[in-house]
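To keep things clear, I will list the structure first and then write my remarks on it.
Protein chains: 2
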Amino acid sequence: MSVTLKQLAASLGLSPTTVSRALNGFPEVNAATRRRVEQAAAAANYHPNTRAKSLATGRAQAIGHVIPLSTSHEIVNPVFADFIAGAGEVYARNGYEMILRVVPDDDEASAYRDLMARGSVDGVILHGPRIEDARVGLLAELGLPFLVHGRTSGVNTPYSWLDINNQRSFHRATEFLCSFGHSRIALINGLEEMDFARRRRNGYLEALAKAGSEPDPMLMRQGEMTEPYGYRAAQEMIQLPEPPTAFLASSIIVAYGILRGLSDLGLKLGRDISLVTHDDELSYLPNDGDVPLFTATRSSVREAGRRAASMLLRLVAEPDSGPLTELMETSLVLGASTGPVRT
Amino acid sequence: MSVTLKQLAASLGLSPTTVSRALNGFPEVNAATRRRVEQAAAAANYHPNTRAKSLATGRAQAIGHVIPLSTSHEIVNPVFADFIAGAGEVYARNGYEMILRVVPDDDEASAYRDLMARGSVDGVILHGPRIEDARVGLLAELGLPFLVHGRTSGVNTPYSWLDINNQRSFHRATEFLCSFGHSRIALINGLEEMDFARRRRNGYLEALAKAGSEPDPMLMRQGEMTEPYGYRAAQEMIQLPEPPTAFLASSIIVAYGILRGLSDLGLKLGRDISLVTHDDELSYLPNDGDVPLFTATRSSVREAGRRAASMLLRLVAEPDSGPLTELMETSLVLGASTGPVRT
DNA sequence: TCGCCTTCCCAAAGCGCTTTGGATGGTTAA
DNA sequence: TTAACCATCCAAAGCGCTTTGGGAAGGCGA
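Protein chains in written order, with the working numbering: chain A, 472 to 814; chain B, 472 to 814.
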């Protein structure tokens, strides 16, 4: 079907060895010969067979992403698409393939073992780390280079990760709301078995404590971050005897739900009620413009994908470059959804 | 690192040949031997090296998904994550790997060529087909098995596809609105270079014609399907001298935007204004419950992913199974966003 | 002239698997 | 008894590439 190295070599009257070296930039080949080879390769649309190449080199030239599909709720993380887009960019630029495995989340361990044993990938990115996530230990033990998108509290062995400063983000956001006089601030969080959610709650609690406000369990909720989840949370909380005057949401999708919930009750964001949300800059839910709809802690998950991919590739190339870590700060951008507490 | 066939064979005092045949279910191996081999393989956590295997067999055991990243708007299709989740399920079950390439959309052709020449995949799924999409011709020419998610009008060569009945969906939706007395129905569509968008518009126009309503260009809009797009469209249209009494949206994300746009103007869906949207059943934007928020033409894109993957695998296994096609009908589910025209 | 580098190229082995084409020994039919 | 036949196993080639370990030819200094 497609042309092979041997054929190309034969057509040039050269040995496969020389052609290989010419194309791979080895020094011991005449400049003129190299040019000739390169031209012929381009003309024949020659691309080395990936499988043969990686069998010979021992490198898979591929990075794996295992995306767990929660067996209970079956939710696909909406953030995933943009992260992948960012990472994919980097892989493509570096000649790496991206391979995806969608697995039930109780089957993830065997997915990693399998990937390792088959030698299908040179490294993996671990998504959606939970508190004390056992996958980190497993991967370390397998000896497969990996990078965590996020972190996992309670795991002591060092590992590489890229995370945003969730705690600081929500600390700042809470602080910001407090400075407007808010003291009853609701936290509509993701599932708190997820590490990011726990950290956000910590930041929130920390800021409340600093401001001298007592946290109220009635105002704290965790759940799968869908739009209706935000809607229900907002509606239910607003009917409490002592309703919140502000909301803090863990995802822009949830924020839209809150917005709708309040709007249905005739309440207007920024005037009657304040809202700060985390904003991953999902491409189909842009929160920009002169005055964004939502005041938000903003951080591009696509950029996170890019950086995570770069870090992992570095880790694959130089396994001794030790655990690599990066903490991205978010920016707190002022939108139309916040204002002083209404008295 | 991981155990090889040769090692396993040596440890069993057998030849690699026999071990290979035992594990691959060939008949010419003693039942007892086979059992012994299987147990040893399991104990050693033996998994055949993918690259070696596929080099030997000539099959990549992988399916490629090329996802074009629009160079101009940089939007990642939100529908993509759920489609992938569905397809991934099927690949995993059949021992196929899923490989993803994120490429700028002006570079897609070379991505396919490359995938083909390197032999990295046994087939590909083509996403986001446009009108008269040239990729179909390219893939046919390359001889790479492929399946289109959607269709492409104006391409005459036969090809395999899985699509939903966009035209009929929007025909029915429009008809339904007409039956409520609506005649000024706005269409907030996706980019009409996309095949699905064109079909939806056709269905819409067809139904309008049948109902004797004149289509109004002021009420038809196309664009990238984001939330703000829906918001702006709704707000602008509602201020027209002759505003629409109903909206037809191509995506639930757009529908949320419309909802917010109307809501900001004090208009309530289902009472003041009607809205029907297409609903792909995105997992994080569920439109369900006793009475769904939106009346919708509903079709699970995750299920589409599953079916598309199955069809493609079939195509790969039996290339002569000819062009496979499937047209999924959508269901029109009644939600809270529609009602008789307000007089 | 010889010896010694360079420069440029090649033969062959090997990556881990599958598969072709036997080989071996025991059974069965004639 | 012999030939034909299974049932069961194996040696070796080959998939398309990289890489090791030369080797031939030419240039240079002594």
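By construction, the Cβ of each residue, glycine as well, lies at the ideal position given by its N, Cα and C atoms. As the structure is a prediction and not an experimental result, all values here were calculated from the model.
Taking residue i as the query, report the chain B residues whose CB atoms sit under 7 Å from its CB, ordered along the chain.
i: residue 551/A; result: 552
Closer than 8 Å, CB to CB, is residue i near chain B or not?
i: residue 587/A; result: yes
i: residue 762/A; result: no
i: residue 473/A; result: yes
i: residue 584/A; result: yes
i: residue 790/A; result: no
With DSSP as the reference, please indicate the residues paired to residue i in a beta bridge.
i: residue 720/A; result: 659/A, 748/A
i: residue 590/B; result: Residue 590/B is not bridged to any residue.
i: residue 766/B; result: 747/B
i: residue 634/B; result: 798/B
i: residue 573/A; result: 538/A
i: residue 502/A; result: DSSP, once it has assigned bridges, lists no residue as partnering residue 502/A.
i: residue 596/B; result: 536/B, 618/B
i: residue 706/A; result: Note: residue 706/A sits in no beta bridge, so no partner.
i: residue 803/B; result: 768/B
i: residue 665/A; result: 601/A
i: residue 449/B; result: This structure cannot speak to residue 449/B, because chain B is shown only from 472 to 814.
i: residue 689/B; result: In the DSSP output, where bridge partners are listed per residue, residue 689/B has none listed.
i: residue 568/B; result: 533/B
Residues of chain A with CB closer than 9 Å to the CB of residue i, please, in chain order.
i: residue 573/B; result: 555, 556, 557, 558, 559, 560, 562, 563, 569
Please confirm if residue i has its CB atom under 8 Å from at least one CB of chain A.
i: residue 721/B; result: no
i: residue 590/B; result: yes
i: residue 540/B; result: yes
Interface residues of chain B around residue i at Cβ under 9 Å?
i: residue 809/A; result: None at all; the shortest Cβ gap to chain B is about 17 Å.
Along chain A, which residues have their Cβ under 8 Å away from the Cβ of residue i?
i: residue 698/B; result: 727, 755, 756, 757
i: residue 724/B; result: 755, 756
Mind listing the chain A neighbours of residue i? Cutoff is C-beta to C-beta under 7 Å, in chain order.
i: residue 546/B; result: 754, 755
The segment 501-535 of chain A: positions lying closer than 8 Å to chain B by Cβ: For the segment 501-535 of chain A, which is checked against every Cβ of chain B, the residues closer than 8 Å are 516, 517, 518, 519, 520, 521, 522, 523, 525, 526, 531, 533.
Chain A contacts from the segment 727-758 of chain B (Cβ-Cβ distance under 9 Å): Only 727, 730, 731, 734, 735, 739, 753, 754, 755, 756, 757, 758 from the segment 727-758 of chain B bring a Cβ to less than 9 Å from some Cβ of chain A.
Beta carbons nearer than 8 Å to chain A: which residues of the segment 648-678 of chain B have them? Going along the segment 648-678 of chain B in chain order, one finds no residue with a Cβ nearer than 8 Å to chain A.
When Cβ atoms are compared, which residues of the segment 593-621 of chain A fall closer than 9 Å to chain B? Answer set for the segment 593-621 of chain A: 614.
May I ask you to verify whether the segment 705-720 of chain B touches the segment 731-749 of chain B, counting CB pairs closer than 8 Å and requiring at least 3? Enough Cβ pairs lie closer than 8 Å, so yes.
Using 8 Å as the threshold, is the segment 663-678 of chain B in touch with the segment 731-739 of chain B, meaning 3 or more CB pairs across them? As far as the Cβ criterion goes, the segment 663-678 of chain B does not touch the segment 731-739 of chain B, which means the pair count is below three.
Looking at C-beta atoms only, is the number of pairs between the segment 752-763 of chain B and the segment 540-556 of chain A that lie closer than 8 Å three or more? Yes, the segment 752-763 of chain B is in contact with the segment 540-556 of chain A.
Assess, as a yes-or-no matter, whether the segment 636-653 of chain A is touched by the segment 673-681 of chain A under the definition of 3 or more beta carbon pairs within less than 8 Å. A contact exists between the segment 673-681 of chain A and the segment 636-653 of chain A.
Segment contact flag, the segment 584-595 of chain A with the segment 794-807 of chain A, C-beta cutoff 8 Å, min 3 pairs: The segment 584-595 of chain A vs the segment 794-807 of chain A: no contact.
Just checking, does the segment 613-624 of chain B make contact with the segment 594-602 of chain B on the three C-beta pairs under 8 Å criterion? Touching, yes.
Looking at C-beta atoms only, is the number of pairs between the segment 521-538 of chain A and the segment 519-537 of chain B that lie closer than 8 Å three or more? Yes, the segment 521-538 of chain A touches the segment 519-537 of chain B.
Please confirm if the segment 564-583 of chain A is in contact with the segment 562-578 of chain B, defined as three or more CB-CB distances below 8 Å between the two stretches. Cβ pair count under 8 Å is three or more, so yes.
Looking at C-beta atoms only, is the number of pairs between the segment 602-614 of chain A and the segment 762-781 of chain A that lie closer than 8 Å three or more? No, the segment 602-614 of chain A is not in contact with the segment 762-781 of chain A.
Any contact of the segment 681-690 of chain A with the segment 639-659 of chain A, i.e. 3+ C-beta pairs under 8 Å? A contact exists between the segment 681-690 of chain A and the segment 639-659 of chain A.
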